[in-house]
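Protein chains in written order, with my numbering: chain A, 150 to 498; chain B, 5 to 321; chain C, 710 to 1096. Contents: one structure, followed by commentary.
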Amino acid sequence: MISNRSERCAHVLNHALHHLFENHPDVYLLGEDILDPYGGAFKVSTGLSSRWPERVLTTPISEAAITGIAIGMALRGLRPIVEIMFGDFITLCADPIINYATKFRQMYDDQVRCPIVIRTPMGGRRGYGPTHSQSMERLFLSVSGLTILAPSRLHDLGGALIHATLHGEEPTLFVENKVMYGEIHTPPQDGRIGLFACREFGAAPLQTIALSLTEFEYSDVTLLCYGGMAPIALQAAEELLIEHEISCEVIVPCRIKPFSLEGLGEALERSGRLVVVEEGPLTGGWAAEVAARVQEQLWARLRGPIRRIAARDGIIPSTRVLEDLVLPGKQALITSITSMLRGGSVLTA
Amino acid sequence: METTLQETLLLNSLPELEVVPAEQFYQRMFLIRSFEERLLKLFSEGMIFGTTHTSMGQEAIAVGVIAHLGRNDIVFSNHRCHGHYLAYSDDVEGLLAEIMGRKTGVCGGKGGSQHIHAANFYTNGVLGGIVPCATGIALAEKCKGSGARVVVFIGDGALGEGVIYETFNIAALWAIPILFVVENNFYAQSTPTRLELAGQIADRPMAFGIQTAHYPPTSVEEVYAATAQAWSYIEQYHKPFCLVFDTYRFGPHSKGDDFRPAEEIAEWRARDPLRAAAEQIAPSVRAAIERTVLVRIDHAIVESSRAEFPDIEAISW
Amino acid sequence: MIPIVVPQEDVNSETALVVAWLADDEALVKKNQVVCEVETSKVVFEVAAPADGWLVRGGKAGEEVRFNVPIAFVVASLEAITAARAILHDPQHELPAARELSSFSGKLTERARRLIEEYAIPVSALPNKPLLTERDLLPLIDNKDDYYSPLDQRVYPLNHTKVSVRRTLILGAGLGAMQVVDILSHDPRVQVIGYLDDNPELHGNTIYGLPVVGPSSLAAEWFRAGRYDAAIISVSTSNAVRRRWYEWLKDLSVPLVNAVDPSAKLNRGVMLGEGNIICAFVHVGVETRVGNNNFLSAYTSIDHHNLWGSHITTGPAVATSGCVEVEDDVKMGTGIFIQPHITVGKGAQIASGAVLTRSVPAMHAAKTRINTELTPLRGDSNANPVC
């Protein structure tokens, strides 16, 4: 479902939740502080508890238990959505996700399904400090049996959430970027988003979106990113072209696990150079995994090493000035890409 | 052991207890005991790889509780699940094949001794997390209005895990109709409970307002009766209930060393509920039951030993 | 071209004084580099270059200049210098292109903007796109061959370490160039940017994705203009041409790179000069010294303690023994064996298949007679094979 008006992303998600509750009596929502009028810490759950009080369950502060309970509900045919207030708290959900939800289908020899959706906001740039700003989806990349969706404001946000809830074959971690909540939803209109031409790869609503300022005719570097980094990448691509005449194609997947290189092959045919950006830390992140796969599968199209840009090691400090230095911003992308193409020293993450 | 019944049960009427013949109780308990004994022997003969956790000595609880359950009712058990599974399903062949890692096992050899699922029976091997999962199952059944009974078995050791208390809180808060059964066998792996748990076991669910009954070591009939009262409470008040049974396991935690004092083990063996159950039936009946069970188990061993192992297709997820 | 203008910050003055120029006329300046000091009635301030490019100065030091009027330009190409100067000397100077641009509704890249201004492209001729790049505008420029876009430097991936990368021109666009660029593609410190060749029919071709840009004379002017950092001579057929171009490049002070195939084995103590081309599986033994501008074909094996000069070429599979000296300008064919302690004199030519058992004086040819017979095969050639 695509919204036709200019809506903030939080509202788009809220509409999707309303749609789910209206049409599917087996959908439940468990989370902290989700009752009206509060409607969830980021207001994504507004209005649900008033309309469906018996299916919107406000929970004590017990992330592990509520995840486990939701898993039990999913095993028995319901469609529970768990809202974890801050993605940083997903650590408390690690055992139920890793040793329960994602293992049942395989260790029980395909006899059961566990279609649980865990929604949580990740990301910084709001000054919330070290334990409320992290991007932790990367910690779950190696968990077999888990799907991770991390849509950006360019994607069909509502459609992705609905798809995960109703058609997800596996447990799904649905990552919502905090900054994205307040941004206007900007899906492609007639194959364009602003000045960018768009192409889509893979099946909707989880498709990967590729964007180019030069009509996909030529490109100097392919920039791969997801979620909250997408608008920053687009700003960087615009400035790179205008100021430096560097044409940068941006590729934004919606689903970051299982991995897919859709769209990358053709983009690398044009540019031969790949930069992968993520908001999480560098070591063992999503970019590392993508880079390994690209060099395995698309080596012939690469003209140089793949570069990763990520957050600096260490905490995400609360003060704005430091947060902007730690998390990769537009300037970091521009500096890194111009140095990649023009020679000069490396910007280390 | 003194009775530590914490709470009088406010029931309007006692349920009509369906009488289970003593032979049936004995057969089921003997099946579990023989299975577990043969299992340990197979391990020592090198016929089985991996680990297992036998429940010899605790059969009365498995049989007594599960005797109340039908095929639509749901059991969530833990690493020490063989007794519960056999009481629930009578599936000697599937369980043995699973433990022996064969394709014909309950989970195709992938789950093994601690990760079993068939029909409405679930287990997992990480302590603690089974409690919220089972509670979620109970919540789902409540939402669906299915009327299914849900029971989760934990040991005293599992009470170290915080998520259990989170779940007690929510189960009481949301009035989730689930039966928690704590099998207190006084040891968590190699550590005696007094080094594991402060306070009293029964006080724990009580602290969250969950009705709890704590029983000394009892016979299978008494377990059966106690469980009947628990189900009545749950179904009348639509609230959770916790049964705590003191018991003892005769085998080691898994297959390793057992440093418990020999006199202690001997003392418990003297009060073996299996022997108590045997004394309820005629010797000839008993002999017949035992013969049938042992033949069946031997046959299952032969069959499983011949069964195929799964191949790579089995892990093409 | 981008004008440098003194903003009128002080309403009391009508003119400002150019105190001093801090960069030469027609010097290559960088964006934000201070180029001029200007004084008004109140204050002396610095004027910075608005972009990278060549500075074309207008007013002289000590001269009064008006506000909001260009006192200099920064231009993107050498050709625009004349145009800029013309505008500066014309008291009515105006930039019609700049004025018109404000009526263009789309976005422009910086280079596109400069192109429009420099070539005075009218807005009506601009393509109807919401964003115009330099590439969009190149078709509109007459004599675009005169316009050397920095874009063409951007064809090889650059190394990501802190070692600086040298933009390198290959002289010669023949078969040798293909070998050389293949070898250099493995060297992260070298970025080949194109080829120069005096055969005009080759101009505009591409070899392995890189352009044949023009005649060899471009090497001089481009080096002065800072458009490349080093060169290498790829010609393999004529030692004389190699030497001539080498000496010419050295007169221009152009450094040369070595092209050493990754499969070549250079042992301990080996020293190379510059401009050498060392093909696949070449072996150079311990302590051997090799001079400049040599072309060693594949499988050439120079054993230990050799001393080689410059402008030497070998065909494939030339093998020397230890302590051999080869002087400048020697040309060797293919399949040659040289015994130890032999000297091959300056300018000597060794024919293919030669086996040298004694030294060769300068300007001599050495030929080993090998008689290769050709006879038709008989019917029973399978019963009595020749080989």
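Even for Gly, the Cβ is constructed at its ideal location relative to N, Cα and C. All values derive from a computational prediction rather than experimental measurement.
Residue i versus the options, residue with shortest Cα-Cα distance
i, options, result
"D207(B)", "F172(B), A234(B) and E294(B)", "F172(B)"
"Y367(A)", "E319(A), L373(A) and R419(A)", "R419(A)"
"G883(C)", "D896(C), L835(C) and S947(C)", "S947(C)"
"V890(C)", "P920(C), H912(C) and R775(C)", "P920(C)"
"T314(A)", "M378(A), I230(A), D369(A) and M271(A)", "I230(A)"
"Y237(B)", "A179(B), R253(B) and G54(B)", "A179(B)"
"R775(C)", "T997(C), E723(C), R822(C) and H1013(C)", "E723(C)"
"R42(B)", "A66(B), Y30(B) and I103(B)", "I103(B)"
"T55(B)", "Q62(B), G203(B), K45(B) and G159(B)", "K45(B)"
"E200(B)", "E312(B), G161(B), L143(B) and E49(B)", "G161(B)"
"F990(C)", "K974(C), G978(C) and N1003(C)", "K974(C)"
"R342(B)", "V248(B), Y89(B) and I134(B)", "Within the shown structure, residues of chain B are numbered from 5 to 321, placing residue 342(B) beyond reach of any answer."
"H312(A)", "Y177(A), L355(A) and P174(A)", "L355(A)"
Residue-level contact to chain A via CB, residue i, 8 Å cutoff
i, result
"E97(B)", "no"
"K243(B)", "no"
"K816(C)", "yes"
"I103(B)", "no"
"W321(B)", "yes"
"H1(B)", "A query on residue 1(B) cannot be resolved here, the shown segment of chain B reaching from 5 to 321 and no further."
"D854(C)", "Note that D854(C) scores 47 on pLDDT, short of 50, meaning its location in the model is unreliable; the coordinates nonetheless yield the value given after this. By this cut-off, D854(C) is not an interface position."
"D861(C)", "Its pLDDT being 40, under 50, D861(C) is placed unreliably in this model, and the value from its coordinates should be taken loosely. False, the Cβ-Cβ gap to chain A never drops below 8 Å."
Chain B residues whose Cβ lies nearer than 8 Å to that of residue i
i, result
"I105(A)", "This structure leaves residue 105(A) out entirely; chain A is present only between 150 and 498."
"T208(A)", "I174"
Chain-ordered chain A contacts of residue i [CB-CB under 7 Å]
i, result
"R820(C)", "E394"
"G74(B)", "Per Cβ cutoff of 7 Å: no residues; G74(B) is ~16 Å from chain A at best."
Chain C contact for residue i (CB, 8 Å cutoff)
i, result
"L471(A)", "no"
is_contact[residue i, chain B] using C-beta, thresh 8 Å
i, result
"S293(A)", "yes"
"N172(A)", "no"
"L227(A)", "yes"
"G217(A)", "yes"
Listed by chain order, chain C residues near residue i by CB distance under 7 Å
i, result
"I391(A)", "K816, T818 and E819"
Within chain A, partners of residue i - CB distance below 8 Å
i, result
"C111(B)", "M256, Y257, D258 and Q260"
"H119(B)", "K252, M256 and Y257"
"L177(B)", "P209"
Neighbour list for residue i in chain B, Cβ cutoff strictly below 9 Å
i, result
"N248(A)", "N128, G129, V130 and G133"
"L224(A)", "Y126, C137, G140, I141 and A144"
"S301(A)", "Within 9 Å Cβ-Cβ: nothing; S301(A) doesn't reach chain B, min ~28 Å."
Chain-ordered neighbours of residue i on chain B, where CB pairs are closer than 7 Å
i, result
"A243(A)", "Under the 7 Å cutoff, chain B gives no residues; its nearest Cβ is about 11 Å from A243(A)."
"A214(A)", "P136, V167, E170, T171 and I174"
Near the ligand GTP: residue i beta-carbon under 7 Å from a heavy atom
i, result
"D1037(C)", "For the ligand GTP, the structure offers nothing, since it holds no ligand at all."
Below-8 Å beta-carbon distance, residue i vs any chain F residue
i, result
"G115(B)", "Looking at the structure shown, chain F is missing, and the protein chains on hand are A, B and C."
Residues in the region 138-172 of chain B having any Cβ partner in chain A nearer than 7 Å: A138, T139, G140, I141, L143, A144, E145, C147, V167, E170 and T171
Residues of the region 358-382 of chain A with Cβ closer than 8 Å to any Cβ of chain C, in chain order: L362, T363, Y367 and D369
Cβ contact check for the region 195-203 of chain A and the region 251-267 of chain A: 3 or more pairs under 8 Å: no
Residues of the region 121-134 of chain B whose Cβ lies closer than 7 Å to any Cβ of chain A, in chain order: H121, N128, V130 and G133
Residues from the region 822-849 of chain C in contact with chain A, defined by Cβ distance under 8 Å: P839, L840, T842, E843 and R844
Residues within the region 323-345 of chain A neighbouring chain C, beta-carbon criterion of under 7 Å: L344
Members of the region 271-282 of chain B that neighbour chain A once the beta carbon cut-off is set at 9 Å: none
Three CB pairs or more closer than 8 Å across the region 472-490 of chain A and the region 432-441 of chain A: no
Touching by the beta-carbon criterion (3+ pairs, under 8 Å), the region 750-758 of chain C and the region 828-848 of chain C: no
At least three beta-carbon pairs within less than 8 Å, the region 265-279 of chain A to the region 229-246 of chain A: yes
Segment contact, 8 Å Cβ cut-off, at least three pairs: the region 396-411 of chain A with the region 299-307 of chain A: yes
Cβ-based contacts, 9 Å cut-off: residues of the region 18-35 of chain B near chain A: none
Contact the region 180-198 of chain A vs the region 151-167 of chain B: 3+ CB pairs below 8 Å: no
The region 458-470 of chain A touching the region 353-367 of chain A, judged by at least three CB pairs closer than 8 Å: no
Three or more C-beta pairs below 8 Å linking the region 759-769 of chain C and the region 725-739 of chain C: yes
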